[in-house]
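Protein chains in written order, with this note's numbering: chain A, 54 to 427; chain F, 54 to 427.
See structure below.
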């Protein structure tokens, strides 16, 4: 029994176009320690869009079904040509994570046949995917592929933030872009674990999303007294660690400054160097690609730096990672449940109107791809 | 035998003036584990000037000797009043470090009598100083107080930078404001230890200072091709750690960007997250108090943060600190020698023209106070 998959591919052509297609790809037989998964559901994460749409101007997408299969083509603007050049002629697969039923397995993995499992590792926007049995996450009985589709990227990121907090000796958190799918998950996790979380959002609508799920500390950075609210919230919670999805602009520096102000007000320093308590902001996203601006005020015990889930998992080691994964499997329908606003087939994923919708990355909107339908 | 010291003091008055005076201060007898030091020499470090001159407008200093002792008085500008307010009415001592002969000692420290020792710990701009015997650094026979005056702040900072480099797994360094007294010392130390050092300066005069002491990599940040030179130098040396005395402006971010560019050119990344090698800039000074501006380009494995000698010494622990101190004592006339451009008495230190001279903090200029003369 050998499988051929239908796979979503993204190609940059030599004449400056980006082309999305559905390709036949041989999957081959499973080796002794491998399984073949029918991918029933895969979330379209912001981290997938870079490969999927990359340098394309999404307003220019057009559809063509003359070959019998859907093809979507967009123009690459001249200013993105250099960025796109290394990809020319390479048909790229994508999809960080997904879930589905195990439909074939090698001799050491037969116990997984018929089970619904999740998998991480790229190329999940495909109908059939061969993976190592060690790498799949088996869900408890009754969990569906749609429920388990997003068991890695956001859940492990939220758990990784808490594990960073504990490793580095902090006791409470600040989170920006806090109404995101990840932010809602982090909020549920912090409530479950009794960790104080200061949620920073940019609109009243986003604040309402967090209010509805019981968030305790919600600040709107567009409020005129945001800076005073921020000092009060970090003082009350004792937060000295922040995770920032925005990256550019003044916010990361404002958070460091507010932490220092709160610490200095509680314990006036005995040296000219400010509070000796370390204050840290980790930048894990770049919603704003403009430069970051840091004030000169956070004392001498401060840091700001990049944070990436894969680096963090390497730091904590495989045994610790497996504990985090098992917690995700156990709580996939509660703490780590992901709501979707729309389910789409692979054919729909190549529809220009649908592409523009999932490309928006609007807060609260999340698309689930169903690779084995249509 | 009980001593009274003559001590340099800085006072902010309720009517908005800063006043420098010489005060009689009782020193008392040494306890069993204490020694009394005649402070023969103490450097005026940039870190002393904050307390010494603080919020004063140095152009307004006037001298008054009508009391029989010199007094220097300056106005505090209105915009500095809030900063100066906590100091009103408090007569502050200062002077981070100094050296001199032990002239009295408690029963457990008599072996130190007659020896030239260095001491750290504040209030060294004084004629006699009582300190714990454990805290002094005894120099080899023949070292003078002038040679040993600056055995802590700059030498331990330079050694602390190298110990940070080794602790955090880097193998070469970048240093800004590199022609400073500290920068010259770091350069000598790196040459002695075989560590590659990229020296960044801001003028041809500063470059010449470093050339004269054998620096290998010297970059002038005002050169039009500075960014290209920087990428080439960090590529050649493999530097992934920088110590920055400037703090504000674009330089720290430029260094991170150049490190990333050099790493990516050597090993093209296999993920969209840039090079996985960690790049770090520590800000240990704030010559530029404007905000720092960081680009969005250094990948995801980067950090920038404050660095303070005292926090670093706490991190490495007392045993490791004592090893660093012993190395300073052994090499105080070679690797850790400090050149001075001018020696001044306490009376001269209160002369308005002299105050303006040591306040300039010009590269290459360094003042040595001789508290036991005049």
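We put the beta carbon where it would ideally sit given N, CA and C, even for glycine.
| Item | Value |
| --- | --- |
| Helix or strand or just coil, what does DSSP make of residue 199 of chain F? | helix |
| Are the beta-carbon atoms belonging to residue 59 of chain F and residue 75 of chain F less than 8 Å from one another? | yes |
| Ordered along the chain, which non-local residues of its own chain (more than five positions away) have a Cβ less than 6 Å from that of residue 168 of chain A? | 155 and 191 |
| Using a Cβ-Cβ distance under 8 Å, would residue 346 of chain F count as near chain A? | yes |
| Against residue 328 of chain A, what residues of chain F qualify as contacts under a CB-to-CB distance less than 9 Å, listed in chain order? | Near residue 328 of chain A there are no residues of chain F at all, since even the closest Cβ is about 11 Å away, more than 9 Å. |
| Roughly how many angstroms lie between the CA atoms of residue 63 of chain A and residue 186 of chain A, to the nearest whole one? | 28 Å |
| Going by DSSP, what residues sit across from residue 154 of chain F in a beta bridge? | F:91 and F:169 |
| At the 8 Å Cβ level, is residue 308 of chain F part of the contact set with chain A, yes or no? | no |
| What is the rounded straight-line gap between the Cα of residue 92 of chain F and the Cα of residue 197 of chain F? | 12 Å |
| Let me know the beta strand (DSSP E) ranges lying completely inside the stretch 209–270 of chain A, each 3 residues or longer, listed in chain order. | 225–229 and 249–254 |
| Grab me the residues of residue 86 of chain F's own chain with a C-beta within less than 8 Å of its C-beta, minus the 5 sequence neighbours each way, in chain order. | 159, 161, 162, 185, 186 and 187 |
| Is it the case that the Cβ atoms of residue 310 of chain A and residue 345 of chain A are separated by a distance below 8 Å? | no |
| How many Å lie between residue 403 of chain A and residue 423 of chain A at the Cα? | 13 Å |
| When we look at the beta-carbon of residue 96 of chain A and count the other beta-carbons within 10 Å, is it buried (16 or more) or exposed? | buried |
| Residues in its own chain within less than 8 Å of residue 276 of chain F by CB, not counting five upstream and five downstream? | 282 |
| Rounded to a whole number of angstroms, what is the C-alpha to C-alpha distance between residue 151 of chain F and residue 373 of chain A? | 50 Å |
| Within the 8 Å Cβ cut-off, does residue 325 of chain F reach chain A? | yes |
| Looking at the C-beta of residue 357 of chain A, does it have a partner C-beta in chain F at a distance below 8 Å? | yes |
| Excluding five sequence neighbours on each side, which residues of the same chain lie with their C-beta closer than 7 Å to the C-beta of residue 280 of chain F? | 307 and 311 |
| For residue 206 of chain A and residue 146 of chain F, what's the separation of their Cα atoms in angstroms? | 56 Å |
| Report the rounded CA-to-CA distance for residue 124 of chain A versus residue 72 of chain A, giving the unit in angstroms. | 7 Å |
| Verify the CB distance criterion: does residue 138 of chain A have a CB-CB separation below 8 Å to chain F? | no |
| Consult DSSP for residue 97 of chain A and reduce its assignment to one of helix, strand or coil. | coil |
| Between residue 370 of chain A and chain F, is the shortest Cβ-Cβ distance under 8 Å, so that the two count as touching? | no |
| Measuring only between beta-carbons, confirm whether residue 163 of chain F sits less than 8 Å from chain A. | no |
| Using a Cβ-Cβ cutoff of 7 Å, what residues of the stretch 142–163 of chain A are near chain F? List them in chain order. | none |
| Can you list the residues of chain A that residue 352 of chain F reaches, using a CB-CB cut of under 8 Å? | 359 |
| Give the interface partners of residue 339 of chain A over in chain F, defined as CB-CB distance under 9 Å, in chain order. | 349 |
| Indicate whether at least one CB of chain F lies closer than 8 Å to the CB of residue 62 of chain A. | no |
| Pick from F:55, F:117, F:173 and F:233: whose alpha carbon is nearest that of residue 99 of chain F? | F:233 |
| With 8 Å set as the bound, which would you pick, yes or no: does the beta-carbon of residue 291 of chain A sit closer than that to a beta-carbon of chain F? | no |
| Along chain A, in chain order, which residues have C-beta atoms closer than 8 Å to that of residue 301 of chain F? | 349 |
| Can you name the residues of chain A whose CB is closer than 7 Å to the CB of residue 411 of chain F? | Going along chain A, no residue has its Cβ under 7 Å from residue 411 of chain F, so there is no contact; the nearest lies around 18 Å. |
| For residue 166 of chain A, which option in A:83, A:394 and A:358 has the closest C-alpha, if you only look at C-alpha atoms? | A:83 |
| With a cut-off of 8 Å, do at least 3 Cβ pairs link the stretch 205–224 of chain F to the stretch 378–387 of chain F? | yes |
| Give the secondary structure of residue 180 of chain F by DSSP, where H, G and I count as helix, E and B as strand, and everything else as coil. | coil |
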